[in-house]
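A.B. asks:
Chains as they are written, first to last, in the numbering used here: chain S, 99 to 786; chain D, 14 to 274.
1. Compare the beta carbon distance of residue 39 of chain D and residue 32 of chain D with 8 Å and say whether it is the shorter of the two.
2. Taking a cut of 7 Å between CB atoms, which residues from the segment 511-545 of chain S lie near chain D?
3. Where in the segment 513-537 of chain S do unbroken runs of the alpha helix (DSSP H), each at least 4 residues long, occur, reported from the N-terminal end onward?
4. Am I right that residue 492 of chain S and residue 392 of chain S are in contact with their C-beta atoms under 8 Å? What's the rounded C-beta distance?
5. Residue 6 of chain D and residue 169 of chain D: beta carbons closer than 8 Å?
6. Alpha carbon to alpha carbon, how far is residue 125 of chain D from residue 14 of chain D?
7. By Cβ distance below 6 Å, which residues in the same chain neighbour residue 586 of chain S in space, the five residues on each side in sequence not counted?
8. Strictly under 8 Å for the Cβ-Cβ distance: is residue 30 of chain D near chain S by that measure?
9. Mind reading off the beta-carbon distance from residue 124 of chain S to residue 328 of chain S? Whole number of angstroms is fine, and I expect it under 8 Å.
10. Taking C-beta pairs closer than 8 Å, name the residues in chain D that residue 504 of chain S reaches, listed in chain order.
11. Could you tell me which residues DSSP puts in a beta bridge with residue 22 of chain D?
12. Taking the straight line between their C-alpha atoms, what separation do you get for residue 116 of chain S and residue 241 of chain S?
13. Curious, which full-length alpha helix (DSSP H) runs of at least 4 residues does the segment 107-174 of chain S contain?
14. Relative to the C-alpha of residue 195 of chain D, which candidate in D/37, D/186 and D/160 has its C-alpha closest?
15. Taking 8 Å as the threshold, find out whether the segment 674-683 of chain S comes into contact with the segment 465-475 of chain S through three or more Cβ pairs.
16. Tell me which residue opens and which closes the beta strand (DSSP E) that residue 765 of chain S is part of.
17. Quick one: give me the first and last residue of the beta strand (DSSP E) that residue 180 of chain D is part of.
18. Determine, using beta-carbon pairs with one atom in the segment 619-627 of chain S and one in the segment 540-554 of chain S, whether at least three such pairs fall under 8 Å.
19. Residue 660 of chain S to residue 651 of chain S, Cα distance in whole Å?
20. If the cut is a Cβ gap below 8 Å, which residues of chain D does residue 561 of chain S touch?
21. Strictly by DSSP, which residues pair up with residue 204 of chain D?
22. Is it the case that the Cβ atoms of residue 284 of chain S and residue 226 of chain S are separated by a distance below 8 Å?
23. Any idea what DSSP makes of residue 7 of chain D, helix, strand or coil?
24. Assuming residue 671 of chain S is part of the alpha helix (DSSP H), what are its boundary residues?
25. Check the Cβ-Cβ distances between residue 486 of chain S and every residue of chain D, and say whether any is below 8 Å.
26. Determine the burial state of residue 447 of chain S: buried for a count of at least 16 other Cβ atoms within 10 Å of its Cβ, exposed for fewer.
27. Examine the Cβ distances between the segment 483-491 of chain S and the segment 172-188 of chain S and report whether three or more of them are shorter than 8 Å.
28. With 9 Å as the C-beta to C-beta threshold (strictly closer), list the residues of the segment 451-476 of chain S near chain D in chain order.
29. Quick one: which unbroken alpha helix (DSSP H) runs of 4-plus residues sit fully inside the segment 437-495 of chain S? Chain order, please.
30. Are there three or more Cβ pairs, one per stretch, closer than 8 Å when the segment 42-54 of chain D is compared with the segment 16-26 of chain D?
31. Starting from the beta carbon of residue 203 of chain D, find every residue of chain S whose beta carbon is closer than 7 Å, and list them in chain order.
32. Would a C-beta distance cut-off of 8 Å place residue 477 of chain S and residue 157 of chain S closer than the cut-off?
33. Since residue 219 of chain D and residue 103 of chain D are thought to touch, with beta carbons under 8 Å apart, how far apart are those beta carbons, to the nearest angstrom?
34. Spatial neighbours of residue 776 of chain S within its chain, please: CB distance less than 6 Å, with the 5 preceding and 5 following residues excluded, ordered by chain position.
35. For residue 22 of chain D, return the contacting residues in chain S, with the cut-off set at a CB-CB distance below 7 Å.
36. According to DSSP, simplified to helix, strand and coil, what is residue 241 of chain D?
See below:
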C-alpha cells in the first residue's frame, strides 16, 4: 500500500465503512442547520414589511465595497485588519471545506476546474489562508482575552460579558484550520515515507510545518491521524454551522444579506409603514414600533447580524456623555428578546409589554440625537435612526412623551414653531434697523423672486441666532441672488418633529410649507439651517432644488461672483465643525472648507474627529428642549476636542451647533479663550 | 368608578403674547390660540389613571361655545370615554356661581362617584369647584396633589406650607379640585384627536338643563369685572429693556451694584 486510505474507503475496525459516517454527519448537520434557520426566520416572517429591493446597482456596489472589500474595517486598524484576514480566509477556505465534506464519501474529490494548474494555485493560496487565519485568531484571542479593549466591555445593566463566546468561536475556527492542515499533512507525510517523494507544499504554511513534524511518525499512526482529523474537521465544521445562528457569529451567515439590504439613501426616514402612503396614515390602527414584531424584517435582520464589535457605541455621542443609550445594546437587547420569545423548540410567545417598558427605557430612546455616527461606522450596515424614530412613533402614539417635549410639540401644532411665538413675528429679524438699511428682504407672500430663503424657526425667532438670517441675506444679496422669504407663511421644517416620532404633526407642517413654497413659484431654495436643508431635500417631495448657504458661497467663489478679503484675524486659529445634517447625512464636507480656505491668510486646523466621524454638538430642533440624564454635555466634549486641536475659533454652519457650542464654551470655562462663529458670519465679515 | 371632570378652554399662556384690548376691559383676543386649562389636563389624566386601576368611565364636561368642543376632543383623545358640551348664548357672561349652577344642573342628571375640577383656570378665581360641591351638597377637597383609591373610600393629599404633605380621607361621592404636578399628563397629538373626531358629543342648552334665565349668564351674575389693566410701576420698580443679552447684562450690573453678587 503506497498511498494513505481516505475517509471514503476507510473501514473502522476493518469492517465499518467510514463513508457511511461521512454521509450521515452532513445530513445531520444540514438538517439541524435547516431547522435552526427556520426557527430564526420565523420572527422575520411576522415582522413588518420593508422595501429593500430598490437601487439594485447601489446595493451591489455596497456588497462589493463594504462586504467583499471590507472597506469600513480599517477604520479600527488592528481589529479591522485581523478581521480582513479572517474574512478573506473564510471565503478562500469555504471551497476547501465543502470539498472536504464530499471527500468523505468520494475519494480525492476536487471541484471541476480545480483539478489542474488552477487547483495548484488554489492549494497554494488556501494553505497560506489557513495559516494567516490561525495567526489572526491567536492575535484576536489574546487581544480579547488578555488585553480586553474597553469597547467590548458590557456594562452590568446590559447583561453578561461576551468575551467567552468570542474566544470560544476563535477556538473553533482555529480547530478547523489545524484539523484541515493536519488532514493534509498526514497524507503528505505518509506519501513521503512510502515513496520518498515530496510534492510541493507552500513553505511555512501549517501543512508544511505539520508535515515536517510528522515526517518520522509511523505510517499506521499517520493513517489513524488522517482519519481522526478528517472527522475533527467534519464535526467542527457542522457544529460551527449550527452554532453560528445562536449568537453574535450569526453575522458570518447574515452579513452578505445585511449589507445588500442596508440603507442606500441618506438623510431620510422610513415611512410609518411601507406600502401605506401619507394620505392613508389615518387608516393605521397603530403607529411605530411597540412590540418586537413591529420592527421591519430588515431591522430584525440587523439584530441578528450584529457582531458586537462596539464601534457604534464607541462613536455614539450620547454614549460618550453618559446618556442611558448605547446603540450596540439597542441591538443586543432586541436580539436577546428574539432568542427568548422565539426559542429553538416550543411555543413562540409574545411578551405583551411595550418594548420601551420591557427591554428599553423611554429615556434611552429619547437620548439619540439622530447624528448618524453609529450607522456611518457599522461594518455590517446596521441602522439605528429609523429604529429610534419607529420606537418614538410608538411612544408618541401611546402618549409617552416627556413633559419637556410636550410644550414645544404643542406650540408647533398651534403656532408652527416650538417657541409658541406669534406667526406674524416670524420675519421680525429682517426689520432690525441697521440691517434693513442695507438689505430689504422680499416677502414672497405677494412679491416675486427667483430663490426662496427658507429661514426655519430657530433662525427666525432666537434673538441670538437671527444674526445668521441677516448675514445669509447680505451674502445672497452680494452674490446677486434674487431672493425672498415666506414670512408668516413659513412653518417649522419639522426635521426633528419627524425624527421625534410625531408623524402627523410633521405631515401637517410639511403640507403647509409645501403649499406655501409651491405657491411662490421659486426655482431655487437656499437655507442656512442644515436641519431644514435635510428636511426639504430628503423628506419633502416635489420641491425645487435646495442648497445650503455654504454650497452657494463655495459655488459663487468658484465662479468669481463672490470675492473675499484677506483674513481680518490672521492670528486666530479656526477649526470647522461638521454639522451632522450637513456632513454625514448629506455629504457636504468640502464646500464649507473651500469657502473658508478662500479667505487668504486664514489659519485653519482640522479636528481629529471630522467629516464623517464628526462628533455631534448635542442635537438640534426639539433636542434643545429635551432634558437628558447625562454626565457632561456633548458640546463640552466637542469644545475640548477643538481646544486640543489648537483652535481658538470654532466655525460651524448650523444654528443649533452654534447654540450648543456657545453654551459649551461657557460650561467648559473657556470663555475668552475660545469663540464659536457661524459660517455666514465669518464669510459676511470678509465680503469685499 | 364613574368620574366626571370639568374642563375649560382658555388662551394658552405658553403660545401667546398677551396685550390688553382697546377698551381696556379684557385681553386682545384676536390672534390668540386656545387650549385646555392646564389644571384640568392634570385632572383628566388623574381620572384616567384611576379608571385604569379600578375600572369605570371618565366623562369630560365643559361650559362654552361651539369651539370648546375642541378641548373635549383633546381630553377624549387622552382617554376620557364621554364628553358633554353645555352651550347656550344664555350662558354668556356667567360668573363663577353661574358656571357652577350650569354644571350642577347636568351633574344631577347623571350618577358620578367622583367629580374633579382644575384648582383654577385662566381667571385665577378658583371658585367653581367649591361652589359646585356646596350646591351638590358633597364633601370637597381643594388643591389636591395626591389621590389614593381603595374600596368605597379615597384618600386625598394636599401640599401645605413648608413642603409638608397632609392626607385626608374623604367619602364618596365628592368634589376635588386638582393641583398641577399630581401626575405627568400623557401626550395627545393630532392623530389622537383625529381618532375621536367622529365620536358624538351631546350639546345641551339652558332649556335642556331646565335652567331659569335669571340664574345664569349676565342676568344671574352677582360679580362683574369692572377693570383690567397692567399695574403702574411702583416706586423702586424698573423694567429692563433691550435684547435678552442686554437685559441680562443690565441685571448683573444692578445686582453687583446693590451687593447682590
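Quick reminder that beta carbons are idealized off the backbone N, C-alpha and C, glycines included.
C.D. replies: Taking the definition as stated:
1. no
2. 511, 512, 513, 518 and 520
3. 531-536
4. 7 Å
5. The first residue shown for chain D is 14 and the last is 274, placing residue 6 of chain D beyond what the model contains.
6. 8 Å
7. 521, 522 and 524
8. yes
9. Between residue 328 of chain S and residue 124 of chain S the Cβ distance is about 13 Å, and since that is not below 8 Å, they are no contact.
10. 198 and 200
11. D/49
12. 40 Å
13. 116-144 and 154-160
14. D/160
15. yes
16. It is not in any beta strand (DSSP E) - residue 765 of chain S instead sits in the alpha helix (DSSP H) that spans 753-765.
17. 177-184
18. yes
19. 7 Å
20. 256, 257 and 258
21. DSSP output for residue 204 of chain D lists no bridge partner at all.
22. no
23. In the structure displayed, chain D extends from 14 to 274; residue 7 of chain D sits before or after that span and is not available.
24. No alpha helix (DSSP H) contains residue 671 of chain S, which is instead part of the beta strand (DSSP E) from 671-674.
25. no
26. exposed
27. no
28. none
29. 453-456, 460-464, 471-475 and 483-495
30. yes
31. 511, 602, 603 and 606
32. no
33. 4 Å
34. 566 and 756
35. The premise fails here: residue 22 of chain D is roughly 13 Å from chain S at the closest Cβ pair, so nothing lies under 7 Å.
36. coil
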